[in-house]
Each structure stands twice: as C-alpha cells, then as structure tokens.
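Peer 1:
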DNA sequence: ATAATGATGAGAGACCCA
DNA sequence: TGGGTCTCTCATCATTAT
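In UniProt numbering, the protein residues as written are 1 to 615.
(1) Please work out which residues of its chain come closer than 6 Å, Cβ to Cβ, to residue 574, disregarding the five sequence neighbours upstream and downstream, and give them in chain order.
(2) For residue 283, which of 515, 467, 349 and 518 has the nearest alpha-carbon?
(3) Name the two residues that bound the continuous alpha helix (DSSP H) containing residue 523.
(4) Given that a residue counts as buried once 16 or more other Cβ atoms are within 10 Å of its Cβ, and exposed if not, what is residue 398?
(5) Excluding the five sequence neighbours on either side, which residues of its own chain have a C-beta within less than 6 Å of the C-beta of residue 532, listed in chain order?
(6) Span of the beta strand (DSSP E) holding residue 299?
(7) If distances are taken between C-alpha atoms only, which option among 482, 454 and 438 comes closest to residue 364?
(8) Does residue 366 pass the burial test, meaning 16 or more other C-beta atoms within 10 Å, or should it be called exposed?
(9) Figure out for me which residue from 405, 583, 419 and 489 has the closest Cα to the Cα of residue 394.
(10) For residue 297, tell me which candidate among 536, 319 and 312 has the shortest Cα-Cα distance.
(11) Using CA coordinates, which residue listed in 613, 527, 381 and 279 is at the minimum distance from residue 558?
(12) Put residue 365 into one of helix, strand or coil per three-state DSSP.
(13) Going by beta carbon distance, what residues of the same chain come within less than 7 Å of residue 407, once the five residues before and after it are set aside?
(14) How would you write the range of the beta strand (DSSP E) that residue 491 sits in, first residue to last?
(15) Would DSSP call residue 426 helix, strand or coil?
(16) Taking residue 474 and residue 433 to be in contact with their CB atoms under 8 Å, please state how far apart those CB atoms are, rounded to whole angstroms.
(17) Grab me the residues of residue 311's own chain with a C-beta within less than 7 Å of its C-beta, minus the 5 sequence neighbours each way, in chain order.
(18) Candidates 592, 374 and 476: which alpha carbon is nearest residue 345's?
(19) Residues in the same chain with beta-carbon distance under 8 Å from residue 325, minus the five sequence neighbours each way, listed in chain order, please.
(20) Given a threshold of 16 other Cβ atoms within 10 Å of its Cβ, counted over all protein chains shown, does residue 450 qualify as buried or as exposed?
(21) Assign residue 604 to one of three DSSP states: helix, strand, or coil.
(22) Looking only at C-alpha atoms, which of 521, 334, 480 and 425 sits nearest to residue 295?
(23) Given a cut-off of 8 Å on the beta-carbon distance, is the pair residue 494 and residue 602 in contact?
(24) Can you find at least 3 beta carbon pairs, one from the stretch 591 to 609 and one from the stretch 538 to 553, that sit closer than 8 Å?
(25) Alpha carbons only, please: which of 484, 587, 521 and 442 is nearest the one belonging to residue 457?
(26) Nearest to residue 587 by CA position, among 471, 307, 564 and 596, is which residue?
(27) Taking 8 Å as the threshold, find out whether the stretch 409 to 428 comes into contact with the stretch 370 to 378 through three or more Cβ pairs.
(28) What does a CB cutoff of less than 7 Å around residue 497 pick up in its chain, not counting 5 residues either side in sequence?
(29) Which whole-angstrom value describes the C-beta separation of residue 334 and residue 380, a residue pair presumed to lie in contact below a C-beta threshold of 8 Å?
(30) DSSP has residue 337 in a bridge; who is on the other side?
(31) Could you check what DSSP says for residue 272 in three-state terms: helix, strand or coil?
(32) Since residue 539 and residue 511 are thought to touch, with beta carbons under 8 Å apart, how far apart are those beta carbons, to the nearest angstrom?
(33) Starting from residue 475 and walking both ways along the alpha helix (DSSP H), at which residues does that stretch end?
(34) Count the other CB atoms, across all protein chains shown, that sit within 10 Å of the CB of residue 382; report buried if there are 16 or more and exposed otherwise.
(35) When the Cα atoms are used, what is the spatial distance from residue 563 to residue 314?
(36) With hydrogens ignored, establish whether the beta-carbon of residue 461 is closer than 7 Å to any heavy atom of the ligand SAH.
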C-alpha cells in the first residue's frame with residue numbers, strides 16, 4: 001500500500017498518469033469544492049445525525065429543502081426545523097433579496113412591479129409577492145382595457161386610436177370590415193381586436209375564424225377559472241413588453257443590444273412551479289395571446305442553455321409566449337435544464353404517481369455502500385448522449401488504490417471533477433462507472449428496458465436516451481389535459497424520439513385515440529411501436545420519418561381522416577445549440593436545429609386546419 | 001460495415017467577494 | 001456593483017475494435 005500523501009506532497013503536474021490524462025479541472029485545483037449547480041450536500045454526511053434527517057423527512061420535508069436548511073442554519077436541529085417551517089409557510093427558500101427579485105423577473109414580471117412588491121411585502125414571502133404582482137398586472141390590464149374602451153367610445157372610428165398615419169390611410173377599409181363584423185353579431189371589442197391581429201390583408205373569413213377560436217379558447221379558460229375576460233386587449237401590449245423591455249437593470253448584460261437577447265433563466269429553475277417546492281403559480285404572469293390559445297394545444301421543448309438570443313427567437317415564432325424553464329432535478333435525481341413553450345393551462349397540475357426517487361442514493365441504493373464521504377453529490381448532472389470510458393474508470397481506480405483511506409484533497413477534486421463531467425456513480429471500492437442505459441431509463445421516467453433490444457446498438461441507445469424528455473417533468477405539465485379529454489386525445493408528436501410524450505400521456509392515463517408520430521430514426525420509431533403494442537394501446541399509431549416530408553397537404557389529410565389534433569408536441573433538435581457541441585454549435589439556423597421552423601410550419605397548419613374544421 | 005472508444009473547449013450562467 | 005472564478009452542457013469526429 002502506498003504511503004499516505006499530504007496535499008503538498010502530491011504534485012499532479014509531475015504525476016505521469018495524471019498529467020498525461022488531463023485529469024484536473026482547467027482551473028486551480030486548490031480551491032475547495034463546494035456544493036453548487038446541480039449538486040447539494042449529501043445529507044448522510046452532514047453534521048447532524050441520520051436520525052434527525054430521517055425525522056425531518058418523516059415530517060414531510062424534501063431532502064433538498066433539508067439540505068438547504070442545514071446549509072443556512074448549521075447543525076442546530078431546532079433552528080433547522082424553524083427554517084424548514086419558514087420555507088413551507090413563507091414560500092421562500094432563499095434569503096437573498098436579489099434572488100427573489102431574479103426569480104420574480106424570471107417568472108416574467110416587470111422589474112418595476114417586482115421592486116414595488118418587494119417594497120410592500122418584503123423579500124421573505126414570494127407567495128404574497130406573486131399575488132401582489134398578479135394584482136398589479138390585472139390592474140394594469142384593466143387600465144389598458146378601459147383606456148382603449150374609452151377611446152373606442154369617443155370615436156366610432158377604431159383607427160382614431162392610433163396616431164400612425166399609415167393606419168389612418170387604411171381606416172376606411174377596416175372600418176367597413178368592422179361594421180360587417182358587428183352586423184354579424186360579433187361584439188365590437190372582439191371584432192376590433194381580431195382586425196388588429198389579423199392585419200389589413202386578412203379576409204373576412206379569416207377574421208371570423210380568429211374570433212371563433214378566441215371565443216372557444218376563452219370557454220376553456222373559464223372552465224379552469226384561470227383567465228379574466230378583460231385581459232384580451234392588453235395581450236399584444238403584454239407581448240411587446242415581454243419581448244422589448246429590459247428584464248432587469250440590476251445586472252448589466254453586454255448582450256442586451258437587441259430584442260432577441262433579453263430572456264433570462266429563472267433561479268431556481270422551477271418554471272411556473274414544481275411539486276414539493278414553494279412558488280407554484282396558478283396564473284401566467286404574461287397571459288397567452290388570443291391567437292395562441294388552445295385547442296389545439298401545443299408543447300415545445302428545447303435546451304435551456306441555448307446560445308443567447310435563441311429563446312427570444314423561438315418565443316417570437318411561437319406567438320410570443322414566454323418559455324417555462326424547468327430543471328428536471330426537481331422531479332428526479334438528475335438535472336435536465338429545459339425550456340418549454342406551451343399554451344396549456346397551468347392550474348391544478350399534478351404529478352404522476354409514484355414520483356421518482358429524488359436523490360442518487362435513493363435511486364441507486366446499492367451505490368451507498370461505496371459512496372465516499374467526500375463525494376457530496378445527491379443529484380446527477382444532465383444525462384448526455386455519451387458516457388465515460390472504461391479507461392477513465394480504470395485510471396480512477398488505480399489512483400485511488402494508491403491511497404489507504406481518504407485520498408488527499410487534490411485527488412478528491414480531480415476524481416469529483418471527472419465523476420461530475422461523465423455522470424459516474426460508485427459501484428465498488430474505488431470503482432466508479434457511467435450509468436447503464438437501464439439506469440438512465442429509470443431516471444428519465446421510462447419503463448425498464450424501454451429502449452432495450454429490437455436492433456438498437458448500445459451507442460445508439462445512449463444517444464436516444466440522451467436526447468429524450470424527462471417523462472415526469474413533461475407529464476406534470478401535460479397533467480392538466482386529463483380532465484379536458486376524458487374520452488381520449490389526438491396527438492401529433494413531432495421529433496418523437498423514443499416516445500417521451502407518449503409515455504407521459506400513458507402514465508397520466510389519458511387515452512390516446514390517435515398518435516401521429518414523426519421521427520427520423522428508424523430504431524426510435526421501432527421503440528415507440530414496441531411500446532404501443534406492449535402497453536395494449538387501443539388507439540391508432542401512425543408514424544412518419546422526416547418532418548420535412550410531412551407536407552401541409554398530408555397534415556390536412558390526416559386531420560380529415562382522424563379528426564383534429566388536440567395536442568401538437570415535440571422538441572426540435574438541439575445539436576446546434578448544445579454546449580457540448582464543439583464543432584457545429586451554429587445556433588438556431590444550424591443544419592439540425594433549424595428544423596424548429598418545421599415545427600412552426602406544422603403547428604400553424606394544424607391550427608389553421610382545425611379552425612377551418614370548426615367552422 | 002458497423003459499433004465502440006477517446007479526444008476534442010467554448011460559452012454562458014452561478015457564485016463569491018471586495 | 002462589477003470582476004474574477006467556478007461550473008455545467010439533449011455533441012462531433014477520427015480512430016480503433018469487432
């Protein structure tokens with residue numbers, strides 16, 4: 001056995017094994033490793049006893065919250081309990097005012113309103129602040145509506161609202177169309193909005209269609225009691241505000257030069273809320289525009305950490321709806337930071353039961369025996385498409401075996417760096433290993449062996465899993481569809497992959513009457529077909545290869561054959577957006593990621609055809 | 001011919017501290 | 001508040017093995 005080394009004695013730069021293999025992180029290895037990002041303190045290694053932790057868990061607090069409370073208060077169990085209670089009652093886990101501000105701004109509220117709310121309610125209670133902000137927003141909407149109502153009453157000519165001379169030139173034609181619509185018994189206000197939204201070139205039929213779609217959408221919203229009718233006029237203003245106003249002046253951003261670089265990620269990344277965490281919202285801070293309301297509903301997904309400007313561009317192409325950024329670490333034991341743009345209601349979401357294990361140790365109990373006390377991870381990083389090499393795990397074993405007992409800090413740091421980088425877990429004494437595919441399936445919420453067999457190679461299996469949805473996260477968002485479609489749902493699933501959307505709907509027990517799936521990979525299509533057969537689905541599964549070959553005509557034919565789609569769901573390729581891509585991170589216009597525009601094309605075709613069918 | 005393997009950083013947000 | 005540092009990221013490609 002090699003003699004124990006001190007930190008000073010170990011020189012990684014002169015160690016042939018280490019130096020040649022680029023073990024150490026690029027920055028200074030002397031800095032202490034602290035829990036950050038997706039990692040949090042391992043409860044079993046904290047200063048308080050396991051019994052105390054177990055007692056808190058029995059009391060219903062999540063391990064994440066407990067870890068955070070310990071972080072903040074130290075080892076005094078009474079203080080920890082007090083802090084935990086504060087979390088649950090005050091809905092605020094962060095003591096930092098700036099974090100609160102960032103979080104609220106990340107939700108989509110304007111900074112001015114956030115500061116006002118903080119001033120009135122302090123920075124301790126996000127729930128009250130959220131309510132206050134919603135009140136402000138509602139009040140603002142009412143003012144805007146009133147203003148426009150007054151203007152409209154003051155002058156019968158709708159276009160006297162605008163000082164823009166160009167509008168006035170067109171006012172005669174639009175005025176005639178407005179009168180036509182009123183004669184058709186449409187409310188004046190709705191007709192005016194429709195005229196404004198559809199533009200001067202829209203036919204009367206298209207405007208009528210717009211109004212019908214808006215009315216139908218409102219009926220759904222009323223069902224969920226999430227929408228105030230008076231907000232309609234202000235939507236376009238809200239959208240402009242969302243896209244154009246600086247979202248915070250507190251943190252100057254060099255990239256704020258244009259409109260497409262203003263969307264910021266919320267911290268914590270919980271979107272409109274996640275189970276077991278404070279801050280669940282029942283109203284969107286920025287309402288969905290009339291022309292984007294469902295049905296049909298749509299749900300779009302891509303990576304959160306896309307290059308600057310990408311999400312603004314995506315949002316602008318999808319009716320200006322604000323993305324909901326969620327990290328799946330709040331749903332399972334692995335991080336997955338993603339943005340979702342959808343027009344689903346957000347009230348009364350529920351989690352698929354049973355929920356997944358929330359820590360690595362709970363998900364993979366066999367690792368606990370081998371997990372060293374100096375590896376504080378409780379959550380894995382994002383599951384990617386590649387795994388760590390066998391050689392790397394061997395090097396780690398060899399180096400650790402040189403040290404009897406706990407290795408020196410710099411060795412620990414180097415090992416942890418590699419474990420985090422390659423998402424490896426402890427499977428034996430001094431032995432780490434990348435996740436097995438079946439373990440990734442479990443973390444992502446798929447049935448065991450969902451991707452196993454049927455002709456897929458091991459490499460492709462990892463690739464498919466790395467590209468997939470986290471089922472529980474998506475399922476939580478889709479759960480609101482369950483009461484809406486008790487008799488089943490027609491789904492258009494684009495970029496289906498291994499069928500994350502389908503698995504989520506199945507877990508939610510929402511019957512799938514028809515699923516039209518579009519997926520370029522044959523092995524992935526086969527995986528979905530196998531799932532369909534294996535789960536005894538009664539509905540119809542149709543599959544297509546390339547989205548570019550799904551012409552508008554084919555879409556219309558499918559809708560005539562099966563009826564309108566109720567949900568269009570999919571995440572377009574992220575290859576050209578992902579941070580791990582060294583070669584072709586060319587942004588949304590890249591070879592693969594530009595297929596996003598196919599999603600938009602298909603969605604618009606589906607919505608247009610659906611409205612025609614309604615008529 | 002197909003599958004497995006290992007080498008290949010930059011970009012951007014989070015965090016820390018003066 | 002701003003600058004420095006830490007941290008993480010739905011990957012691609014050439015080479016080697018099967």
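C-beta: ideal position from N, C-alpha, C; glycine also.
Model, not experiment: these values are computed from the prediction.
Peer 2: Reading it off the structure:
(1) By 1-based counting over the first chain, the position of residue 574 is 574. The residues are 302 and 303.
(2) Counting from 1 along the first chain, the entry for residue 283 is found at position 283. The shortest C-alpha separation from residue 283 is found at 349.
(3) Taking the first chain and counting its residues from 1, the one referred to as residue 523 is at position 523. Here the alpha helix (DSSP H) through residue 523 covers 522 to 534.
(4) Locating residue 398 in the first chain gives position 398, where the first residue counts as 1. Per the 10 Å Cβ criterion, exposed.
(5) To locate residue 532, count along the first chain from 1; it is residue 532. Around residue 532: 541.
(6) Here residue 299 corresponds to residue number 299 of the first chain, with the count starting at 1. 297 to 303 is the extent of the beta strand (DSSP E) around residue 299.
(7) Counting from 1 along the first chain, the entry for residue 364 is found at position 364. The residue among 482, 454 and 438 with its C-alpha nearest the C-alpha of residue 364 is 438.
(8) One-based indexing of the first chain puts residue 366 at position 366. Residue 366 is classed as exposed because its beta carbon has fewer than 16 other beta carbons within 10 Å across all chains shown.
(9) As a position in the first chain, residue 394 is number 394, starting the count at 1. Nearest C-alpha to residue 394: 419.
(10) Residue 297 sits at position 297 when you count from the first residue of the first chain. Ranked by Cα distance from residue 297, the first of 536, 319 and 312 is 319.
(11) Position 558 of the first chain, counted from the first residue, corresponds to residue 558. Restricting attention to 613, 527, 381 and 279, the CA atom closest to the CA of residue 558 is found in 613.
(12) Within the first chain, the letter at position 365 stands for residue 365. Under the three-state reduction of DSSP output, residue 365 falls in the helix class.
(13) On the first chain, position 407 is the one that residue 407 refers to. Excluding sequence neighbours, residue 407 sits near 400.
(14) In the first chain, counting from the first residue as 1, residue 491 sits at position 491. Per DSSP, residue 491 belongs to the beta strand (DSSP E) from 489 to 494.
(15) Taking the first residue of the first chain as 1, we reach residue 426 at position 426. In the three-state scheme derived from DSSP, where H, G and I count as helix and E and B as strand, residue 426 is classed as strand.
(16) In the first chain, residue 474 corresponds to position 474, counting from 1. In the first chain, residue 433 corresponds to position 433, counting from 1. Contact between residue 474 and residue 433 is absent: CB atoms are separated by about 28 Å, not below the 8 Å threshold.
(17) Walking along the first chain from the start, residue 311 turns up at place 311. Within the same chain, residue 311 has close Cβ partners 263, 323 and 339.
(18) For this step, residue 345 is matched to residue 345 along the first chain. The shortest Cα separation from residue 345 among 592, 374 and 476 belongs to 476.
(19) Stepping through the first chain from its first residue, residue 325 is reached at position 325. So the qualifying residues of the chain are 106, 265, 266, 269, 271, 304, 337, 338, 339 and 340.
(20) To locate residue 450, count along the first chain from 1; it is residue 450. Buried: at least 16 other Cβ atoms inside 10 Å.
(21) Taking the first residue of the first chain as position 1, residue 604 is located at position 604. The three-state secondary structure of residue 604, taken from DSSP, is helix.
(22) Reading the first chain from its first residue, position 295 is the one you call residue 295. Of the candidates 521, 334, 480 and 425, the one whose C-alpha sits nearest the C-alpha of residue 295 is 480.
(23) On the first chain, position 494 is the one that residue 494 refers to. On the first chain, position 602 is the one that residue 602 refers to. Contact: yes.
(24) Yes, they touch.
(25) Position 457 of the first chain holds residue 457. Residue 521 is the option with its Cα nearest to residue 457.
(26) Taking the first chain and counting its residues from 1, the one referred to as residue 587 is at position 587. Closest by alpha carbon: 307.
(27) With a cut-off of 8 Å, the stretch 370 to 378 and the stretch 409 to 428 count as touching, because enough Cβ pairs lie within range.
(28) By one-based count along the first chain, residue 497 stands at place 497. Excluding its 5 nearest sequence neighbours in each direction, residue 497 has C-beta neighbours in its own chain below 7 Å: 464, 467, 468, 519 and 524, listed in chain order.
(29) Indexing the first chain from 1 puts residue 334 at position 334. Indexing the first chain from 1 puts residue 380 at position 380. The Cβ separation is near 4 Å, so the contact holds.
(30) If you number the first chain from 1, residue 337 lands on position 337. The partner list for residue 337 (beta bridge, DSSP) reads 327.
(31) Numbered from 1 along the first chain, position 272 holds the residue referred to as residue 272. Note: residue 272 maps to coil in three-state DSSP.
(32) As a working note, residue 539 is residue 539 in the first chain. As a working note, residue 511 is residue 511 in the first chain. Contact between residue 539 and residue 511 holds: CB atoms are separated by about 7 Å, below the 8 Å threshold.
(33) Against the first chain, residue 475 aligns to sequence position 475. In the DSSP assignment, residue 475 falls within the unbroken alpha helix (DSSP H) covering 471 to 478.
(34) Mapped onto the first chain, residue 382 falls at position 382. Burial of residue 382 is indicated by the presence of at least 16 other C-beta atoms within 10 angstroms of its C-beta.
(35) To locate residue 563, count along the first chain from 1; it is residue 563. To locate residue 314, count along the first chain from 1; it is residue 314. Approximately 28 Å between the Cα atoms of the pair.
(36) The ligand SAH is absent from the structure shown, which contains no ligand whatsoever.
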